[in-house]
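Undergrad:
Residue numbers (UniProt numbering): 1 to 312.
(1) If you draw a straight line from the C-alpha of residue 130 to the C-alpha of residue 174, how long is it?
(2) Looking at the C-beta of residue 269, does it have a partner C-beta in chain B at a distance below 8 Å?
(3) What does DSSP give as the partner residues of residue 243 in its beta bridges?
(4) For the segment 120–146, which segments carrying the beta strand (DSSP E) assignment without a break, of at least 3 residues, lie completely within its bounds, in sequence order?
(5) Pull up the CB-CB distance for residue 100 and residue 120, whole angstroms please, since I reckon it's below 8 Å.
(6) Is it the case that the segment 193–211 contacts the segment 174–183, given that we only count it when at least three CB pairs across the two stretches are under 8 Å?
(7) Please classify residue 188: does DSSP put it in a helix, a strand, or coil?
(8) Taking residue 270 as part of the alpha helix (DSSP H), name the residues at either end of that continuous run.
(9) Looking at residue 237 and residue 228, is the spacing between their C-beta atoms short of 8 Å?
(10) Just verifying my parser: in three-state terms, what is the DSSP assignment at residue 39?
(11) Would residue 20 be called buried (16 or more neighbouring beta carbons within 10 Å of its own) or exposed?
(12) For residue 94, I'd like the list of residues in its chain whose CB is within less than 6 Å of its CB, leaving aside the five on either flank, ordered along the chain.
(13) First and last residue of the alpha helix (DSSP H) that includes residue 160?
(14) Can you tell me whether residue 140 is buried or exposed, with buried defined as 16 or more other CB within 10 angstroms of its CB?
(15) Can you check DSSP and say which residues form a bridge with residue 62?
(16) Please say whether residue 102 and residue 313 have beta carbons closer to each other than 8 Å?
(17) How many Å lie between residue 109 and residue 163 at the Cα?
(18) If you count every other CB in all the chains shown that lies within 10 Å of the CB of residue 189, and 16 or more means buried, which is it?
(19) When you compare the CB positions of residue 161 and residue 13, do they come within less than 8 Å of one another, or not?
(20) I believe residue 284 touches residue 211 by the beta-carbon criterion, under 8 Å. Please report the beta-carbon distance rounded to the nearest angstrom.
(21) Since residue 273 and residue 252 are thought to touch, with beta carbons under 8 Å apart, how far apart are those beta carbons, to the nearest angstrom?
(22) List the endpoints of the continuous alpha helix (DSSP H) containing residue 233.
(23) Given residue 124, which residues of its chain have a CB within under 6 Å of its CB, disregarding the five upstream and five downstream residues?
(24) Could you check the C-alpha separation between residue 262 and residue 268 for me, to the nearest Å?
(25) Does residue 182 come out as helix, strand or coil in the three-state DSSP assignment?
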């Protein structure tokens with residue numbers, strides 16, 4: 001029997017960082033719609049078009065006695081008035097990033113170019129590169145606190161390399177209102193469990209962007225004849241005498257799972273994007289860019305679900 005897919009070794013973080021930067025170079029600088037509030041305000045690149053702390057010029061205005069602003073002597077020399085130079089108030093936005101490290105993400109079929117885990121990690125690091133370039137604060141739940149740095153993607157990659165075993169699902173309770181979070185996963189757990197895990201984000205007023213990373217074999221179910229399925233999470237096995245007889249029911253469940261999760265995200269004002277591992281990672285980055293600079297919504301084709309399985 002021909003092997004359709006197999007479990008891959010975890011992706012090398014350095015290699016994923018290099019590929020993430022390559023994908024990021026194909027996408028323009030992200031101008032994230034900053035949901036700014038006092039606890040997220042620091043120096044950044046998102047002008048609020050008013051006077052305040054920042055690096056960009058805002059306006060000249062006449063000097064008044066007691067004004068603490070610095071006099072612009074060059075502008076004042078042009079006429080009989082004294083002027084001060086105002087800077088534009090600026091703020092940075094906090095975006096959390098997370099790629100699912102669970103065993104089911106290591107699956108790769110013969111029709112895919114990379115494993116799901118590799119694709120998810122590349123997407124997260126590409127976003128880190130783009131956001132760092134735009135002056136945003138980034139963070140990885142359970143790994144780093146929010147920080148601003150031009151080498152943000154490299155710093156997160158270094159943390160991941162030395163992190164050891166990461167939890168299958170991080171604690172999201174510390175992520176606060178007016179932040180965004182990008183989550184790349186296969187989302188093959190029961191929908192109720194996924195919603196329960198993410199509900200804390202909805203209650204805290206966090207805007208989430210879910211990227212479902214899907215292997216083409218998980219959608220089409222191209223199995224026939226005697227096939228042994230292995231659950232990568234538990235190691236349990238299921239042997240089907242005629243696997244093709246399970247296809248219709250499997251695809252129905254897979255489609256229903258994705259549609260329910262996408263609909264839930266839409267009701268919350270979140271975005272939901274599907275990225276297939278036989279297609280370009282940059283497809284998801286472009287859709288994510290659109291979602292983060294506009295209202296959230298479901299982006300991508302409707303397809304599939306069933307249990308988390310790897311096929312031997």
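Using N, Cα and C, we set each Cβ at its ideal position, and we do this for glycine too.
TA: So, from the listed chains and residues:
(1) Residue 130 and residue 174: Cα-Cα distance of roughly 24 Å.
(2) The chain labelled as chain B is not found in the depicted structure, where only one protein chain is given.
(3) None; residue 243 has no bridge partner.
(4) Counting only runs of 3 or more residues that sit fully inside the segment 120–146, the beta strand (DSSP E) segments are 137–139, in chain order.
(5) Correct: roughly 6 Å between the Cβ atoms.
(6) Flag = yes, the segment 174–183 and the segment 193–211 touch.
(7) Annotated three-state conformation of residue 188 is coil, per DSSP.
(8) Residue 270 -> no alpha helix (DSSP H), and no H or E assigned at all.
(9) In this structure, residue 237 lies closer than 8 Å to residue 228 by Cβ.
(10) Confidence at residue 39 is low in this model, with a pLDDT of 27, below 50, so its placement is unreliable and the value that follows should be read with caution. Three-state result, residue 39: helix.
(11) Answer is buried; the Cβ neighbour count reaches 16.
(12) The answer, listed in chain order, is 40, 137, 146, 179.
(13) That run of the alpha helix (DSSP H) goes 152–161.
(14) The Cβ neighbour count for residue 140, taken over all protein chains shown within 10 Å, is at least 16; the residue is labelled buried.
(15) 83.
(16) Outside the displayed span of the chain (1 to 312) sits residue 313, for which this structure offers no information.
(17) Looking at the two C-alpha atoms, the distance is approximately 28 Å.
(18) Residue burial is scored here from C-beta neighbours: residue 189 has at least 16 other C-beta atoms within 10 angstroms and is therefore classed as buried.
(19) Cβ distance < 8 Å, so residue 161 and residue 13 count as in contact.
(20) That belief holds up - the Cβ atoms of residue 284 and residue 211 are roughly 5 Å apart, short of 8 Å.
(21) At roughly 22 Å, the Cβ-Cβ gap does not stay under 8 Å, so residue 273 and residue 252 are not in contact.
(22) No alpha helix (DSSP H) contains residue 233, which DSSP labels as neither H nor E.
(23) Around residue 124: 97, 99, 184.
(24) Straight-line Cα distance between these residues: approximately 10 Å.
(25) The three-state secondary structure of residue 182, taken from DSSP, is strand.
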